[in-house]
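K.L.:
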Amino acid sequence: MGQPKKKAASPAAQYFAEVLRLLRTAKGRSQNELGDVMGYSGAAVSAVETCAKPATDEFIEAAEKALGAGGLVLAAAKYLRLERYPEHFQGFVQLEQEALSVSSYCPQVIHGLLQTKEYADALLSCAFPPLEDDEVEQLVSARMERRALLDRRPICVINIVIEEAALRCRVGGPEVMRAQYEYLLACAQRPNVVLQVMPSSTTGHAGLQGPLTVLETPELTTLVYMEGNGHSMLVSQPDEVGVLARRYAMISRQALRPEESIALIEQLAGEL
Numbered sequence: 075m076g077q078p079k080k081k082a083a084s085p086a087a088q089y090f091a092e093v094l095r096l097l098r099t100a101k102g103r104s105q106n107e108l109g110d111v112m113g114y115s116g117a118a119v120s121a122v123e124t125c126a127k128p129a130t131d132e133f134i135e136a137a138e139k140a141l142g143a144g145g146l147v148l149a150a151a152k153y154l155r156l157e158r159y160p161e162h163f164q165g166f167v168q169l170e171q172e173a174l175s176v177s178s179y180c181p182q183v184i185h186g187l188l189q190t191k192e193y194a195d196a197l198l199s200c201a202f203p204p205l206e207d208d209e210v211e212q213l214v215s216a217r218m219e220r221r222a223l224l225d226r227r228p229i230c231v232i233n234i235v236i237e238e239a240a241l242r243c244r245v246g247g248p249e250v251m252r253a254q255y256e257y258l259l260a261c262a263q264r265p266n267v268v269l270q271v272m273p274s275s276t277t278g279h280a281g282l283q284g285p286l287t288v289l290e291t292p293e294l295t296t297l298v299y300m301e302g303n304g305h306s307m308l309v310s311q312p313d314e315v316g317v318l319a320r321r322y323a324m325i326s327r328q329a330l331r332p333e334e335s336i337a338l339i340e341q342l343a344g345e346l
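Positions 75 to 346 (the numbering used here) are the ones given, in order, by the sequence shown.
1) Compare the Cα-Cα distances from V250 to each of L223, F202, G102 and A196 and report the closest residue.
2) How many Å lie between K80 and C125 at the Cα?
3) Smallest Cα separation from N266: which of S177, S120, F90 and I134?
4) Could you check what DSSP says for I236 in three-state terms: helix, strand or coil?
5) Could you work out which residue in V245, V231 and N233 is closest to A201 when comparing CA atoms only?
6) Out of A117, I339 and E219, which has the shortest C-alpha to C-alpha gap to R242?
7) Counting only the same chain and skipping the five closest in sequence on each side, list residues whose C-beta sits under 6 Å from that of V309.
8) Straight-line CA distance for G116 to R103?
9) Report the rounded CA-to-CA distance for A173 versus D110, giving the unit in angstroms.
10) What do you get for P78, buried or exposed, if any count of 16 or more other CB atoms within 10 angstroms of its CB means buried?
11) Can you give the Cα-Cα distance for T190 and L259, rounded to whole angstroms?
12) Here's the rule: buried if 16 or more other CB atoms are within 10 angstroms of the residue's CB, otherwise exposed. What is V167?
13) Starting from the C-beta of T287, find all residues in its chain whose C-beta is less than 6 Å away, skip the five residues before and the five after it, and write them out in chain order.
14) Judging by CA-CA distance, which residue of A343, T99, Y114 and H185 is the nearest neighbour of I236?
15) If P332 sits next to V268, beta carbons under 8 Å apart, how far is it from one beta carbon to the other, in whole angstroms?
16) Please confirm whether A122 and L108 have their CB atoms less than 7 Å apart.
17) For L346, collect the residues of the same chain with a Cβ closer than 7 Å to its Cβ; drop the 5 residues on either side in sequence, then sort them by chain order.
18) G278 to M272, Cα distance in whole Å?
19) Tell me which residue opens and which closes the beta strand (DSSP E) that G302 is part of.
20) If the criterion is Cβ atoms closer than 7 Å, does the pair A329 and Q270 meet it?
21) Considering only the alpha carbon of each residue, which of A137, L188, N106 and L282 lies closest to D225?
22) Whole-angstrom Cβ separation of Q254 and Y193, contact assumed at under 8 Å?
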C-alpha cells in the first residue's frame with residue numbers, strides 16, 4: 075500500500091514562508107543565525123520556510139522582533155492565522171473582528187466569544203466525525219484569539235442571547251461548566267457586553283427559526299451571518315437583512331433582561 079500524499083501547504087503558509095525568507099536574507103542571516111536570535115534551532119526556521127511545519131504564535135512574534143520587520147511578519151501572519159478556522163468560517167471571522175457591533179442568538183451552545191478554553195476543548199471534542207487532537211488544539215487556539223474583540227479599541231458592542239437549554243447542557247462536566255458560568259458572569263460585567271438568556275419556560279419566540287448573528291461594519295453596513303453543519307451564509311441584501319435584524323431585535327425583547335439573565339446563570343452555577 076502506498077504512502078498517503080502529503081497535504082500541500084496553503085497559499086497563506088507559502089506566502090508567510092516567502093516573506094520570512096526574504097526578510098532573513100535581506101538581513102544577511104542564515105537560518106541558524108536567525109534561529110539563535112529567536113531562541114529556535116535553524117532546523118525550526120527551515121521547517122517554517124519550507125512549509126514543513128506551521129509557524130506558531132510564539133515563532134511569529136520572535137521572528138518579527140528578531141528581524142526588526144516593522145510589522146511585515148505580523149501582517150503576513152494575519153492570513154496564516156485565518157486558516158486555523160474552518161473554511162466556511164474564515165470570511166466571517168474577519169468581519170467579526172472589525173465589526174462595530176456583534177449581536178448573536180445562540181440556541182445550542184454558548185457563543186464562541188464567551189467560551190472558556192476548557193469548554194471549547196470539550197465542545198470540539200464532541201465533533202463527529204471525530205477531529206484529530208491537533209485539529210482540536212488548533213481550533214481551540216483560534217477560538218481563544220477571537221476573544222481579543224472583547225478588549226479591542228475602538229470598542230465593539232457585543233449583544234448575546236443564549237438559550238437556557240444551551241446553558242444547562244453540561245459540556246465537559248460540572249467543573250468545566252462551573253468555570254464557564256463564572257466566565258459568563260465576568261463577561262456580563264463588561265460595559266460593552268449585554269448578555270441575555272432565553273428561558274426554557276418561554277412558550278414560543280422569534281428565535282425558533284435558528285441561530286443568527288447581526289454585524290454592523292465600520293462602513294455602517296448591516297450584515298447577517300448564519301451557519302450550521304459546516305455550511306454558512308452571509309446575507310447582505312438590504313431587504314433580507316432588515317427582516318433578520320428585526321427578528322433578532324424581537325428575540326432580544328423576548329429574552330430575560332440582563333439582570334434576570336445574570337441571576338439565572340448564578341442559579342445554574344449553584345446547582346452544580
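A virtual CB, placed ideally from N, CA and C, is assigned to each residue, including glycine.
P.N.:
In brief:
1) A196
2) Bear in mind that a pLDDT of 49 at K80, under 50, signals an unreliable position, so the number given afterwards is only what the model happens to contain. Their Cα atoms are separated by approximately 11 Å.
3) S177
4) strand
5) V245
6) I339
7) V298 and V315
8) 11 Å
9) 40 Å
10) With a pLDDT of only 42 at P78, under 50, the local geometry of the prediction cannot be trusted, and the value read off the model is given with reservation. Exposed, because fewer than 16 other Cβ atoms sit within 10 Å of the Cβ of P78.
11) 12 Å
12) buried
13) S178 and Y299
14) H185
15) 6 Å
16) Looking at the sequence shown, residue 122 is not Ala but Val. Not closer than 7 Å, so no.
17) P248, M251 and R252
18) 10 Å
19) T296 to G302
20) yes
21) L188
22) 5 Å
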